[in-house]
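Notes follow once the structure below has been shown.
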Amino acid sequence: MMRTTICAMILVAAGTMPVQAQQQRMNPRAPVLRARVEEAFLRRARQEMALNDDQAQRLGRALEASGTRRADLDEADRVARQALMAQLRPGIAANADSVARLVDAITANRVAHAETFRSEMRELNEILSPVQRGQFLLLRDRMLNQVRTMLNNPEAAAGRPRVP
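Counting from 18, one number per residue, gives the positions in the sequence shown under the numbering used here.
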């Protein structure tokens with residue numbers, strides 16, 4: 018169960034972190050694991066932020082919508098990065114125009130991620146109090162930092178010491 022939760026948290030974070038995790042093939046169980054983590058995150062948010070029923074439902078809908086937008090951006094980013102890696106293979110001349118177009122697409126994707134975050138926070142302004150928005154931001158940051166730690170040290174995340 019702990020391993021499933023860790024995997025699910027990693028998959029959720031992959032949508033909000035640089036593409037290091039996205040370059041790996043997605044687990045076919047990703048949607049189920051993602052849903053589990055999202056539910057657990059909402060339960061935790063509801064408890065820590067003292068959300069009422071209406072706020073919890075509206076927050077869930079808002080996060081689902083922004084999660085869908087991020088998933089679409091992640092897929093476009095994955096495709097662009099794979100194409101860029103194909104262009105930049107050692108020993109093969111890259112097409113400069115293609116590389117420029119792909120770098121521009123990846124850059125635009127990062128900006129779109131930031132705009133999605135800004136839009137999400139604006140939407141949450143209609144649902145949460147300023148204090149709750151601050152709590153939400155810190156809660157999400159804690160979760161993402163925990164996931165980054167797990168990505169960088171999966172053995173420790175699973176309770177096993179990392180062997181150097």
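Glycine is no exception: its CB is placed at the ideal position from the N, C-alpha and C atoms.
Item: On the three-state DSSP scale, how would you describe residue 143?; Value: coil
Item: Please return the same chain residues whose Cβ sits closer than 6 angstroms to the Cβ of residue 104, not counting the five positions on each side in sequence.; Value: 111, 115, 116
Item: Please say whether residue 93 and residue 119 have beta carbons closer to each other than 7 angstroms?; Value: no
Item: How far does the alpha helix (DSSP H) with residue 46 in it extend, from its first residue to its last?; Value: It is not in any alpha helix (DSSP H) - residue 46 carries neither H nor E in the DSSP assignment.
Item: Suppose contacts are defined by Cβ-Cβ distances below 7 angstroms. Is residue 62 in contact with residue 156 by that definition?; Value: yes
Item: Is residue 108 helix, strand or coil when you go by DSSP?; Value: coil
Item: To the nearest angstrom, report how far apart residue 153 and residue 108 are at their CA atoms.; Value: 48 angstroms
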